[in-house]
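Report on the following structure.
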Amino acid sequence: MKNYAYVLICLLIFLNSVVIAKNGNNGDLTQNKGTNVSMDEYKDEYEDDNTSDQTFTRIIIEDPEKHSLHNTEDIDWVRMYISSRHSYKLIYSDFINDCIILEIFDNEFKLKIKEILKEEILTKIYEYPINFDKSFTKDEFYYAKISSNYTSCSNPLSYSIQLNITDAGGDGLLHGKICDAITNHPILDATVETSNGISTTLIDKEGAFFIFDDPVDEELSVSVTSNCYINSVFKAYIRQIESDSQPYDIKLYRVFDYNRKLDINDIIMMLQMISGKDINICNELNCNKISLSDVLNLMKLLIQINND
């Protein structure tokens with residue numbers, strides 16, 4: 002009888018521990034939540050940037066960006082716009098020897114450099130410059146992929162990064178972002194041409210383009226074209242090269258395709274062109290299908306436009 006009582010007590014203790022574990026981990030018995038939380042605390046402000054599509058384009062990085070690899074699976078990607086007009090220096094600092102793996106890829110994701118960052122251990126702030134020379138025949142995006150050498154080091158790992166133009170001279174920057182006027186989606190196949198003959202078709206995932214030119218503060222006429230869109234021409238200025246450069250906001254309207262039925266995007270576009278106002282209700286409506294509620298909303302917009 003004592004044996005049965007002993008077994009019953011052990012069973013109750015076991016069940017109680019399971020309940021506590023289950024409640025503590027939101028029902029996931031395999032998850033060590035405390036460990037994950039402590040690692041998440043070391044996430045840097047640029048997360049999530051675990052893929053090349055999740056990062057954003059840097060023209061220059063004047064003040065060091067402070068990054069961290071918060072666990073062994075964390076990967077940081079940095080997209081850089083490299084101009085054939087200039088030379089660049091990519092500087093990594095504040096890292097621990099043998100702990101950071103750096104890989105540099107070109108625009109076609111061909112591996113150019115792969116190294117484990119290492120410097121003299123007596124240096125207080127390590128600097129690891131990688132020089133980009135003027136051997137570039139065209140402007141293109143380069144990608145830095147940073148991961149941890151977890152076989153030698155434990156996470157979290159921190160590092161800083163800068164991107165400097167070493168021969169900027171009197172050059173300035175024309176920076177814009179091209180989007181569909183109705184959906185606000187980036188347009189990736191646009192051509193941008195300035196009145197002094199410089200053009201580019203190099204557009205990043207967010208629809209951004211970059212043109213280096215001189216002199217600073219020169220006014221230019223800029224033309225933006227893309228298939229199935231109405232051309233846009235506007236006045237712009239060459240500005241100082243700065244990491245927080247504000248882009249020109251360029252919205253293109255679609256050309257009507259008379260071989261298909263009109264959809265709600267076409268109707269909204271006509272309203273915008275007539276009223277000269279920005280009308281975007283695609284976030285609330287299914288823009289590929291017109292329903293009765295869509296018609297009512299459009300009627301309300303017409304009444305509002307007429308009243309204004």
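Here this note's numbering runs 1 ahead of the position in the sequence shown, where the first position is 1. All C-beta atoms in this analysis are idealised placements derived from N, C-alpha and C, irrespective of residue type, glycine included.
If you draw a 10 Å sphere on the C-beta of residue 158, you find 16 or more other C-beta atoms in it, and that means buried.
By the Cβ criterion, the region 241-260 is not in contact with the region 106-117, since fewer than three pairs of Cβ atoms, one from each stretch, lie closer than 8 Å. Under the three-state reduction of DSSP output, residue 115 falls in the strand class. The three-state secondary structure of residue 41, taken from DSSP, is helix.
Per DSSP, the continuous beta strand (DSSP E) segment holding residue 65 begins and ends at 62-70.
Beyond the five residues adjoining it in sequence on each side, residue 196 comes within less than 6 Å, by CB distance, of 221 and 222 in the same chain, given in chain order.
Residues 85 of the same chain have their beta carbon placed closer than 8 Å to that of residue 138, with the five preceding and five following residues left out of the count.
Per the C-alpha coordinates, the member of 63, 98 and 54 positioned closest to residue 153 is 98.
Looking at the DSSP output, residue 144 bridges to 80 and 106. In terms of CA proximity to residue 72, 51 leads the group 95, 51 and 55. A straight line joining the alpha-carbon of residue 69 with that of residue 232 spans about 43 Å. If you look at residue 165, you'll find it in the beta strand (DSSP E) that goes 158-166. Within the region 160-210, the beta strand (DSSP E) runs of at least 3 residues that lie entirely inside it are, in chain order, 173-181 and 192-195. Between residue 178 and residue 54, the CB-CB gap reaches or exceeds 8 Å. Partner residues in the beta bridge of residue 235, as assigned by DSSP, are 223.
Residue environment for residue 200: exposed (fewer than 16 other C-beta atoms within 10 angstroms of its C-beta). The alpha carbon of residue 80 has as its nearest neighbour, out of 109, 170 and 193, the alpha carbon of 109. In the DSSP assignment, residue 214 is bridged to 173. Apart from the 5 residues on each side of it in sequence, residue 227 sits with its Cβ closer than 8 Å to the Cβ of 179, 188, 190, 191, 192 and 253 in its chain, given in chain order. Per DSSP, residue 252 is one residue of the beta strand (DSSP E) stretching across 249-253. The beta carbon of residue 130 is closer than 6 Å to those of 90 and 92 in its chain, skipping five residues each way along the sequence.
For residue 66 and residue 95, the gap between their C-alpha atoms comes out near 11 Å. Separation of residue 230 and residue 41 (C-alpha to C-alpha, rounded to the nearest whole angstrom) is 44 Å.
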